[in-house]
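Working notes for the structure below.
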Amino acid sequence: MCTSIAFSNPALYGRNLDLETSFGEQVVITPREYPFHFHHRPVMEHHFALIGMATVAANTPLYAEAVNEKGLYMAGLNFPGNAVYFPDDTGTEACITPYELIPLILGGCANLQQARRVLEGLRITAIPFSPSYPLAPLHWHIADATGSITAEPTAEGLKLYDNPAGVLTNNPPFPFQMMHLNLYQGLSPRQPENTFAPDLPLQPYGQGMGAVGLPGDWSPMSRFVRACFLKSHALFGEDSAENAVQFFHIMDAIAMVRGSVITPEGKPDLTIYSCCIDAQKLIYYYKTYTNSRPCAVQLTEEACRGSALAAFPLERKPDILFVGGKDPQ
Numbered sequence: 003m004c005t006s007i008a009f010s011n012p013a014l015y016g017r018n019l020d021l022e023t024s025f026g027e028q029v030v031i032t033p034r035e036y037p038f039h040f041h042h043r044p045v046m047e048h049h050f051a052l053i054g055m056a057t058v059a060a061n062t063p064l065y066a067e068a069v070n071e072k073g074l075y076m077a078g079l080n081f082p083g084n085a086v087y088f089p090d091d092t093g094t095e096a097c098i099t100p101y102e103l104i105p106l107i108l109g110g111c112a113n114l115q116q117a118r119r120v121l122e123g124l125r126i127t128a129i130p131f132s133p134s135y136p137l138a139p140l141h142w143h144i145a146d147a148t149g150s151i152t153a154e155p156t157a158e159g160l161k162l163y164d165n166p167a168g169v170l171t172n173n174p175p176f177p178f179q180m181m182h183l184n185l186y187q188g189l190s191p192r193q194p195e196n197t198f199a200p201d202l203p204l205q206p207y208g209q210g211m212g213a214v215g216l217p218g219d220w221s222p223m224s225r226f227v228r229a230c231f232l233k234s235h236a237l238f239g240e241d242s243a244e245n246a247v248q249f250f251h252i253m254d255a256i257a258m259v260r261g262s263v264i265t266p267e268g269k270p271d272l273t274i275y276s277c278c279i280d281a282q283k284l285i286y287y288y289k290t291y292t293n294s295r296p297c298a299v300q301l302t303e304e305a306c307r308g309s310a311l312a313a314f315p316l317e318r319k320p321d322i323l324f325v326g327g328k329d330p331q
């Protein structure tokens, strides 16, 4: 259960990652000279530098989402019941595993146009990273300052869709998500006009009534609608840090509170972390469920150089500023 949002202007991208447990995630910078290995492609010895959230396993960064030094963003989201991967029966360079896709695209593509060309020729194969890392059913959100696309692996191959909404959640498939938005055309951040019965003396009795009917649950389709509404009406300023905070407010409105969603296994689903990526300054902001103060790591030119991964453990301890006195603890 996840939500990804991409703003082309300002160039802000990010996601909520919703799970019942942590997966060993940390902010990871992959510099230009750190080699990416693939099953059916030559080693990528030189590539664009990346920063994003990843698990590092066997010296391999397994990115959930990342941005490269050129400002191209990509996130993988859960797509259960719909993702179709092919058997590894051809062995050609067109075959790529799900965990190799983000390094391939962000490592070699400078913009969305280049990413689309590479994606069009790919065949997603059912190869897990290792037996201890189950094959995750995914689809992907890719974006830059020119727009965004959705890539979904289906039985007919990898489908690419223009994503004018700049939003992706989980199920159902993306075309149905966009069609479903037609039901909410009448919603507005402004007060409603009485078109229900103009002859009756009907008046708004509080602010926010123009959006009555906006879904408030945490199902993927409802989160898609809510994210699209908030994204369409969000107001940004000139200060980049304040814009990042505004981005987090949007993600907070879609985030899962512990206890509000219980999995079939009886575990609470919650927003493990939220991130906001400033693709102009190459700053990766994040906050965790237990620490709502934004933390930041920047992909500097110095960080882009070199051949060693840089990993930054997440700040999870609550960070509360006591004013007018000492911490009572």
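Going from the sequence shown to the working numbering is simple: count from 1 and add 2.
Ideal Cβ placement from N, Cα and C applies to all residues, glycine included.
**OP:** Determine, using beta-carbon pairs with one atom in the region 115 to 135 and one in the region 164 to 175, whether at least three such pairs fall under 8 angstroms.
**Re:** no
Original post:
Within this structure, are the beta carbons of M76 and I107 separated by less than 7 angstroms?
Top reply: yes
Subject >> Pairwise C-alpha distance: F238 and P191 >> reply: Distance between the alpha carbons of P191 and F238: 16 angstroms.
**OP:** Can you tell me which of the three DSSP states C1 falls into?
**Re:** Here the chain has residues from 3 to 331 only, and residue 1 is not among them.
**OP:** Return helix, strand or coil for R34, following the three-state DSSP convention.
**Re:** coil
Original post:
Which stretch, first to last residue, makes up the beta strand (DSSP E) that contains Q300?
Top reply: 297 to 300
**OP:** Grab me the residues of F198's own chain with a C-beta within less than 8 angstroms of its C-beta, minus the 5 sequence neighbours each way, in chain order.
**Re:** L204
Original post:
Using the C-alpha atoms, what's the distance from H143 back to G78?
Top reply: 7 angstroms
Original post:
When DSSP labels each residue in this structure, what does K319 get in the three-state scheme?
Top reply: coil
Original post:
Can the beta-carbon of D146 be found less than 7 angstroms from the beta-carbon of L114?
Top reply: L114 sits close to D146, with the two beta carbons spaced by under 7 angstroms.
**OP:** Have a look at L305 and P320 and give me their C-alpha separation to the nearest angstrom.
**Re:** The residue asked about is misnamed: residue 305 is Ala in this sequence, not Leu. Cα-Cα distance, rounded: 28 angstroms.
**OP:** Report the residue from N245, A59, P206 whose alpha carbon sits nearest the alpha carbon of F25.
**Re:** The closest CA to that of F25, considering only N245, A59, P206, is found on A59.
Subject >> Rounded separation between L189 and I98 - CA only >> reply: 42 angstroms
Subject >> Residues near N70 by beta carbon distance below 6 angstroms, same chain, minus five either side >> reply: F50, L52, L108
**OP:** Using the Cα positions of V1 and R17, report the straight-line distance between them to the nearest angstrom.
**Re:** Residue 1 lies beyond the range of the chain shown here (3 to 331); nothing can be said about it.
Original post:
Can you name, in chain order, every residue of its own chain whose Cβ lies under 7 angstroms from the Cβ of A85, other than the five neighbours on each side?
Top reply: P139, L140, H141, P155
**OP:** Verify whether the separation of the beta carbon atoms of C111 and L162 is less than 7 angstroms.
**Re:** no
Original post:
Are the beta-carbon atoms of D254 and E22 separated by less than 7 angstroms?
Top reply: no
Subject >> Nearest-angstrom Cα separation, counted from I151 out to A213 >> reply: Going by the C-alpha atoms only, they are around 27 angstroms apart.
**OP:** Taking 7 angstroms as the cut-off, decide whether the C-beta atoms of L19 and C4 are in contact.
**Re:** yes
**OP:** Assign K269 to buried or exposed, taking buried as 16 or more other Cβ atoms, counted over all protein chains shown, within 10 Å of its Cβ.
**Re:** Under this definition K269 is an exposed residue.
**OP:** Just the C-alpha distance for D201 and L185, rounded to the nearest angstrom, thanks.
**Re:** 25 angstroms
Original post:
Buried or exposed: N245, going by 16 or more other Cβ atoms within 10 Å of its Cβ?
Top reply: buried
Original post:
Where does Q116 sit, in a helix, a strand or coil, going by DSSP?
Top reply: Residue state, collapsed to three classes: helix.
Original post:
Can you give the Cα-Cα distance for P37 and V299, rounded to whole angstroms?
Top reply: 22 angstroms
Subject >> Backbone CA spacing between G218 and A229 [nearest angstrom] >> reply: 11 angstroms
Subject >> 7 angstroms Cβ cutoff met for A66 and V30 >> reply: no
Subject >> Beta-carbon gap between Q187 and P206 smaller than 7 angstroms >> reply: no
Original post:
Do you know offhand how far R2's Cα is from G215's?
Top reply: Missing from the structure shown is residue 2; the chain here goes from 3 to 331 and no further.
Subject >> Where A243 falls, given that 16 or more other Cβ within 10 Å makes a residue buried >> reply: Counting other Cβ atoms within 10 Å of its Cβ, A243 stays below 16 and is therefore classed as exposed.
Original post:
Using the beta-carbon count (16 or more within 10 Å), is N80 buried or exposed?
Top reply: By the Cβ-count criterion, N80 is buried, with 16 or more other Cβ atoms from all chains shown falling within 10 Å of its own Cβ.
Original post:
Roughly how many angstroms lie between the CA atoms of C278 and G326, to the nearest whole one?
Top reply: The alpha-carbon of C278 is positioned some 31 angstroms away from that of G326.
**OP:** Can you give me the start and stop residues for the beta strand (DSSP E) that G159 sits inside?
**Re:** 159 to 164
Subject >> Residue interval of the alpha helix (DSSP H) (run including E102) >> reply: 100 to 110
Original post:
DSSP beta-bridge partners for I126?
Top reply: I98
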